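First residue of the sequence shown: 201, per this note's numbering; consecutive thereafter.
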Amino acid sequence: AYCIYSLAMTGFIYPVVVAWTWGYGWLSSMNSVGSGIVHMCGGVAALVGAIISGPRTGRWTNPEKFDPHSLPLIVLGTFILFFGWYGFNCGSTLSMASIERGMMAAQVAMNTTISAATGGLTVFILRLVMLKKYDIGGFCNGILAGLVSITAPCGNVECGSAFAIGLLG
């Protein structure tokens, strides 16, 4: 099923939507950067997948069966995503041929770090206060929420705003 989904998304759906929006497509005036298209395709695909799959059997009657199984793998996955986010966000400056572009890439890296760290610490502290225990899985989810929240504005905000974005993300 995943192979069919991947083939349909990468071979048919995404190329058509991108052709409509990026460059000179008929929807190009509505999407200047592209993050709307990426997230809309992913979100709609996830919604359709959830509708087709239906609710997970036993999710609410046996919630302990759905606890994270391997925290080290969760942390490793978060680290890999965090590392990749630098390539994506900083790489979106497209070059570092001048001082200005290099400074922009540095600001993007700083904002990415601040927002991710703030998101992770916010969730970690809230879960500690609410549950009276450390929640590493929640901490990792907070980091990812901070990363997602800062991706679109990372080159257009100052560090205080990156902190607020991570706090609210």
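We treat Cβ as the ideally placed atom computed from N, Cα and C, and that holds for glycine.
Note that the structure is a prediction, hence the values are computed from the model and not measured.
Task: Sequence-distant residues of its chain with Cβ nearer than 8 angstroms to Leu371 (five each side left out) - done: The structure shown does not extend to residue 371, since the chain is modelled only from 201 to 369, so the question has no answer here.
Task: Reduced DSSP secondary structure (H/G/I, E/B, other) of Leu294 - done: coil
Open item on the list: What residue range does the alpha helix (DSSP H) around Trp220 cover?
Closed with: Tyr214 to Thr221
- [ ] For Gly372, I'd like the list of residues in its chain whose CB is within less than 7 angstroms of its CB, leaving aside the five on either flank, ordered along the chain.
- [x] Residue 372 cannot be examined here, being either before or after the span of the chain that is shown, 201 to 369.
Task: From Phe339, Gly338 and Phe363, residue whose alpha carbon lies closest to that of Ser349 - done: Phe363
Task: Validate contact between the segment 330-342 and the segment 270-277 using beta carbons, cut 8 angstroms, 3 pairs - done: yes
Open item on the list: What would DSSP say about His269, mapped onto helix, strand or coil?
Closed with: coil
Task: Same chain only: Cβ atoms within 8 angstroms of Asn341, ignoring 5 sequence neighbours per side - done: Val323
Open item on the list: Taking contact to mean 3 or more Cβ pairs, one atom from each stretch, closer than 8 angstroms, check whether the segment 349-360 and the segment 303-310 are in contact.
Closed with: yes
Task: Leu331 burial status per 10 Å Cβ neighbour count (16 or more: buried) - done: exposed
Task: Span separating the alpha-carbon of Ile299 from that of Cys359 - done: 19 angstroms
TODO: Report yes if the C-beta distance between Ser292 and Arg301 is below 8 angstroms; otherwise report no.
DONE: no
- [ ] Could you tell me which of Thr351, Lys333, Thr257 and Gly243 sits nearest to Gly287, measuring between CA atoms?
- [x] Thr351
Task: Boundaries of the alpha helix (DSSP H) in which Met310 is found, first to last residue - done: Ile299 to Leu331
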